[in-house]
Amino acid sequence: MPVFRSITCLSLALCAAIVAGCRDRHAGDVPRGDTTRFAVVRDDYGRDVTLRARPTRIVSLNPATTELLFAIGAGGRLVGRTRYDLWPDSARLVPDLGPGMRPNLEAVLGARPDLVVLYASADDRAAADRLTAAGVATVAFRMDRVADFRRVTELLGRLAGDTARARAVVDSVSATLDRVRRATESAHRPTVFFHAWEKPLITIGGGSFLSELVTIAGGRNVYDSLTVPSATVTLEDVVRRDPDIVLVSPVEREKLLSSERWRSVRAVREGRVLAYDTNLVARPSVKLGEAAASLAALLHPAALR
Amino acid sequence: MRASWSRWVVFVAVLAVAMILAVAIGTISLSPVQVWNALLGRGDPTHVTVVRELRLPRAFLAALVGAGLGMSGAALQGTLRNPLAEPYLLGVSGGAAVGAVVGVALGIALTLLPLAAFAGAVAAIAVAFFVAHAAGTRGDARVLLMAGVVVGAFANAAIMLVLGSAPMNVTRDAMWWMMGSVAAATWAQTAWLLAYLAIGAGALLGWARRIDLLALGDDSAAGLGVDPDRAARRIYAAASLLAAATVAAAGLVGFVGLVVPHIVRGTGVRRHRPLLVGSALVGATLVVLADLAARVLRPPSELPLGAVTALVGVPFFLVRLRRLT
Numbered sequence: 142m143p144v145f146r147s148i149t150c151l152s153l154a155l156c157a158a159i160v161a162g163c164r165d166r167h168a169g170d171v172p173r174g175d176t177t178r179f180a181v182v183r184d185d186y187g188r189d190v191t192l193r194a195r196p197t198r199i200v201s202l203n204p205a206t207t208e209l210l211f212a213i214g215a216g217g218r219l220v221g222r223t224r225y226d227l228w229p230d231s232a233r234l235v236p237d238l239g240p241g242m243r244p245n246l247e248a249v250l251g252a253r254p255d256l257v258v259l260y261a262s263a264d265d266r267a268a269a270d271r272l273t274a275a276g277v278a279t280v281a282f283r284m285d286r287v288a289d290f291r292r293v294t295e296l297l298g299r300l301a302g303d304t305a306r307a308r309a310v311v312d313s314v315s316a317t318l319d320r321v322r323r324a325t326e327s328a329h330r331p332t333v334f335f336h337a338w339e340k341p342l343i344t345i346g347g348g349s350f351l352s353e354l355v356t357i358a359g360g361r362n363v364y365d366s367l368t369v370p371s372a373t374v375t376l377e378d379v380v381r382r383d384p385d386i387v388l389v390s391p392v393e394r395e396k397l398l399s400s401e402r403w404r405s406v407r408a409v410r411e412g413r414v415l416a417y418d419t420n421l422v423a424r425p426s427v428k429l430g431e432a433a434a435s436l437a438a439l440l441h442p443a444a445l446r
Numbered sequence: 044m045r046a047s048w049s050r051w052v053v054f055v056a057v058l059a060v061a062m063i064l065a066v067a068i069g070t071i072s073l074s075p076v077q078v079w080n081a082l083l084g085r086g087d088p089t090h091v092t093v094v095r096e097l098r099l100p101r102a103f104l105a106a107l108v109g110a111g112l113g114m115s116g117a118a119l120q121g122t123l124r125n126p127l128a129e130p131y132l133l134g135v136s137g138g139a140a141v142g143a144v145v146g147v148a149l150g151i152a153l154t155l156l157p158l159a160a161f162a163g164a165v166a167a168i169a170v171a172f173f174v175a176h177a178a179g180t181r182g183d184a185r186v187l188l189m190a191g192v193v194v195g196a197f198a199n200a201a202i203m204l205v206l207g208s209a210p211m212n213v214t215r216d217a218m219w220w221m222m223g224s225v226a227a228a229t230w231a232q233t234a235w236l237l238a239y240l241a242i243g244a245g246a247l248l249g250w251a252r253r254i255d256l257l258a259l260g261d262d263s264a265a266g267l268g269v270d271p272d273r274a275a276r277r278i279y280a281a282a283s284l285l286a287a288a289t290v291a292a293a294g295l296v297g298f299v300g301l302v303v304p305h306i307v308r309g310t311g312v313r314r315h316r317p318l319l320v321g322s323a324l325v326g327a328t329l330v331v332l333a334d335l336a337a338r339v340l341r342p343p344s345e346l347p348l349g350a351v352t353a354l355v356g357v358p359f360f361l362v363r364l365r366r367l368t
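Those protein sequences? They're chains A and B, same order as listed.
Residues in the first sequence are numbered consecutively from 142, following our numbering.
Residues in the second sequence are numbered consecutively from 44, following our numbering.
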């Protein structure tokens with residue numbers, strides 16, 4: 142018995158040390174070998190969230206985490222999603238709980254979840270605290286960059302109880318990303334303007350996985366130096382940065398090419414406006430690898446044969 | 044007579060300088076010679092399109108928005124005999140924004156958007172008039188003003204209601220209206236705004252004499268053979284068309300209609316025909332300069348135009364209020 146207690150003490154000390162060591166931006170889980178806990182994970186609000194048992198009713202209010210939960214085999218345990226979580230197809234069968242940000246707490250509690258996964262925006266903080274106070278284990282993750290995808294997938298694996306599959310998803314995506322990176326490494330790097338929205342004109346900054354994808358695909362985002370995930374910019378500033386290529390959604394491509402205003406951008410005037418696949422280039426999730434490959438195929442058609 | 048001439052020379056000259064600055068200054072630095080060549084379609088094709096398709100339509104659209112709001116404010120202040128009247132505070136712009144947002148949500152054609160905005164503005168005014176009548180005060184300017192403020196708040200709530208359940212893309216488009224901007228100006232947009240403004244401005248200039256009489260008071264107006272209610276309704280409608288067209292083109296740009304007529308009156312203009320023309324010129328100058336500030340102060344982003352005009356307008360409003368009370 143004293144032996145057991147000392148092991149418990151040791152593991153508690155260990156987890157305190159790990160917790161202390163993890164007081165940076167992100168963190169991982171803490172203890173192993175503690176039988177009363179299924180998993181403990183630190184989320185992106187810096188809160189340690191404890192699961193007492195394997196969750197059987199999960200609400201995911203972020204399209205990316207919904208995809209990931211399906212990918213790691215926990216899709217069948219989902220009892221709630223946002224209006225925008227439409228991939229994979231089976232996600233449509235999960236009850237729609239609204240737009241996701243600032244969720245309707247009654248709707249969420251009505252799904253009787255034992256785990257709620259939110260996007261870690263400032264907006265969602267109050268909801269996370271109230272759900273926790275209501276006794277529902279709630280974690281919030283930021284998913285802006287490729288590293289977030291890797292980290293959150295592994296944490297979700299731990300929470301859902303399938304770390305092996307989570308690792309497999311991370312490894313397979315990482316392998317594809319590496320392959321794309323190698324294929325485009327030696328090629329000349331065109332500068333790219335990523336058109337995300339027209340009114341107002343919004344582009345992707347260096348804080349977004351999309352900027353990383355452009356880099357991996359062998360390009361260079363002209364707004365990579367912005368640290369935010371996205372920002373409004375003036376068209377004249379785009380003209381000044383003079384990108385080699387404009388990346389845009391298929392719908393907007395036609396509009397850009399027929400716009401008098403956009404003719405001020407040399408790449409548009411000279412017809413170098415490429416439409417990205419909006420089904421792939423959307424979320425920092427399971428399809429990251431495919432998304433990088435599709436962008437590389439646009440930027441370097443010859444390299445990816 | 045000479046004093047009045049010099050006033051108009053100054054109004055036109057200042058607007059001309061503001062337009063020149065708006066065309067000459069931007070994220071890309073161009074020399075005056077380069078700007079001139081670009082205007083004539085010579086030199087670097089990038090510079091030509093930047094000047095002719097980005098800066099020029101934008102400056103003209105800003106000028107038209109300012110002119111419409113300035114005239115609208117001048118007409119409303121005269122008719123209501125209240126120096127604080129203006130389309131934004133009276134709920135006219137709010138009603139127009141509801142019309143425009145609903146129009147955007149329904150996906151109607153861009154050229155019809157002013158009509159949707161106008162319908163919203165007219166509905167807002169109708170409600171304000173109804174409230175004033177229900178209060179038993181008929182044309183009491185203060186009650187109309189209060190009713191307008193309440194209608195404006197209601198319009199805001201209606202917009203939030205539409206946006207609360209709208210998909211993300213509609214929300215983002217609608218936010219753009221609410222904050223005011225002429226960043227996406229095109230020549231086509233400038234042309235149709237000009238057409239709508241011409242109708243409203245023509246009507247107001249034609250009725251300028253009646254605004255003069257209404258400004259003296261309903262009794263004096265009636266004594267001189269003008270039906271005050273009917274005249275006020277028409278002037279309201281024309282002023283709303285002006286405000287609605289600007290809202291459809293550039294979203295909510297507040298306080299221009301408030302500030303501008305005061306500036307013009309400050310130069311000694313009393314009668315409404317010159318007041319309307321002067322408000323158009325000064326309003327144009329103000330919005331062109333505000334837009335210039337909006338796009339160069341925080342590169343590579345830009346500030347919402349409505350925020351810039353409000354930052355200028357609110358202190359002005361407070362100073363006016365102090366002087367009135």
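Glycine residues also receive a C-beta, built at the ideal position from the N, C-alpha and C atoms.
Predicted, not measured: the structure shown is a model, and the values here were computed from it.
Any chain A beta carbon closer than 9 Å to residue i
| i | result |
| --- | --- |
| Ser-49 (chain B) | no |
| Ala-85 (chain B) | One point to set straight first is that residue 85 (chain B) is Arg, not Ala, in the sequence displayed. It does not; no Cβ of chain A falls within 9 Å. |
| Trp-235 (chain B) | no |
| Thr-154 (chain B) | no |
| Pro-271 (chain B) | no |
| Ser-224 (chain B) | yes |
| Val-93 (chain B) | yes |
| Ala-227 (chain B) | yes |
| Leu-240 (chain B) | no |
| Thr-122 (chain B) | no |
| Trp-250 (chain B) | no |
| Thr-289 (chain B) | no |
| Pro-88 (chain B) | yes |
| Arg-185 (chain B) | no |
| Arg-338 (chain B) | yes |
Nearest-angstrom Cα separation, counted from residue j out to residue i
| i | j | result |
| --- | --- | --- |
| Leu-155 (chain B) | Pro-425 (chain A) | 39 Å |
| Asp-87 (chain B) | Ala-81 (chain B) | 8 Å |
| Arg-323 (chain A) | Tyr-186 (chain A) | 35 Å |
| Thr-279 (chain A) | Tyr-225 (chain A) | 20 Å |
| Glu-395 (chain A) | Val-414 (chain A) | 9 Å |
| Val-374 (chain A) | Ile-343 (chain A) | 6 Å |
| Arg-313 (chain B) | Ile-254 (chain B) | 11 Å |
| Ala-143 (chain B) | Met-222 (chain B) | 13 Å |
| Leu-259 (chain A) | Asp-270 (chain A) | 11 Å |
| Ala-444 (chain A) | Arg-320 (chain A) | 11 Å |
| Arg-215 (chain B) | Val-235 (chain A) | 27 Å |
| Ala-160 (chain B) | Leu-361 (chain B) | 29 Å |
| His-90 (chain B) | Ser-399 (chain A) | 19 Å |
Sequence-distant residues of the same chain with beta carbon closer than 6 Å to residue i, five excluded per side
| i | result |
| --- | --- |
| Ala-228 (chain B) | Pro-100, Arg-101, Leu-104 |
| Thr-328 (chain B) | Val-57, Leu-58, Ala-61 |
| Ala-215 (chain A) | Ala-301 |
| Ile-345 (chain A) | Phe-335, Ala-337, Leu-351, Ser-352, Ser-371 |
| Ala-432 (chain B) | Shown here, chain B extends from 44 to 368; a query on residue 432 (chain B) therefore has no answer. |
8 Å contact criterion, which residue i and residue j should meet: CB distance rounded
| i | j | result |
| --- | --- | --- |
| Leu-112 (chain B) | Val-325 (chain B) | No, Leu-112 (chain B) and Val-325 (chain B) are not in contact; Cβ-Cβ is about 11 Å, not under 8 Å. |
| Phe-334 (chain A) | Leu-250 (chain A) | So it is not a contact: roughly 44 Å between Cβ atoms. |
| Val-310 (chain A) | Ile-199 (chain A) | Rounded, the Cβ-Cβ distance is 17 Å, inconsistent with contact. |
| Val-299 (chain B) | Thr-352 (chain B) | 6 Å |
Test: residue i CB closer than 9 Å to a CB of chain B
| i | result |
| --- | --- |
| Val-406 (chain A) | yes |
| Glu-339 (chain A) | yes |
| Leu-89 (chain A) | Given a span of 142 to 446 for chain A in the structure shown, any question on residue 89 (chain A) remains unanswerable. |
| Glu-247 (chain A) | no |
| Glu-393 (chain A) | no |
| Glu-295 (chain A) | no |
Proximal residues to residue i (C-beta, below 7 Å), its chain only, five neighbours per side dropped
| i | result |
| --- | --- |
| Ala-198 (chain B) | Gly-134, Gly-137, Gly-138, Ala-140, Val-141, Ala-167 |
beta-carbon residue i near the ligand ATP non-hydrogen atom, thresh 8 Å
| i | result |
| --- | --- |
| Ala-336 (chain B) | Questions concerning the ligand ATP fall outside what the structure shown contains, since it holds no ligand whatsoever. |
Self-check item: Contact list for the stretch 361-383 of chain A against chain B, Cβ threshold 9 Å
Solution: Tyr-364, Leu-367, Ala-372, Thr-373, Val-374, Thr-375, Leu-376, Glu-377, Asp-378, Val-379, Val-380, Arg-381, Arg-382, Asp-383
Practice problem: Taking a Cβ distance cut-off of 7 Å, strictly less, list which residues of the stretch 207-230 of chain A are near chain B, in chain order. | Solution: If you check each beta-carbon in the stretch 207-230 of chain A against every beta-carbon of chain B, none falls closer than 7 Å.
Quiz prompt | Contacting positions in the stretch 61-80 of chain B - beta carbon closer than 7 Å to chain A | solution = Taking 7 Å as the Cβ-Cβ cut-off against chain A, the residues of the stretch 61-80 of chain B that qualify are Gly-69, Thr-70, Ile-71.
Quiz prompt | Contact list for the stretch 341-354 of chain B against chain A, Cβ threshold 8 Å | solution = Pro-342, Pro-343, Ser-344, Glu-345
Quiz item: Using a beta-carbon distance cut-off of less than 9 Å, what residues from the stretch 396-429 of chain A approach chain B?
Solution: Taking 9 Å as the upper bound on Cβ-Cβ separation, chain B lies near residues Ser-400, Glu-401, Arg-402, Trp-403, Arg-404, Ser-405, Val-406, Arg-407, Arg-410 of the stretch 396-429 of chain A.
Quiz prompt | chain A contacts made by the stretch 300-334 of chain B, where a contact means CB separation under 8 Å | solution = Cβ contacts with chain A come from no residue of the stretch 300-334 of chain B.
Practice problem: With 7 Å as the limit, tell me which residues of the stretch 95-111 of chain B have their beta carbon closer than that to any beta carbon of chain A; keep them in chain order. | Solution: Glu-96, Leu-97
Self-check item: Under 7 Å (Cβ pairs) to chain A, residues found in the stretch 191-221 of chain B
Solution: Arg-215, Asp-216, Trp-219
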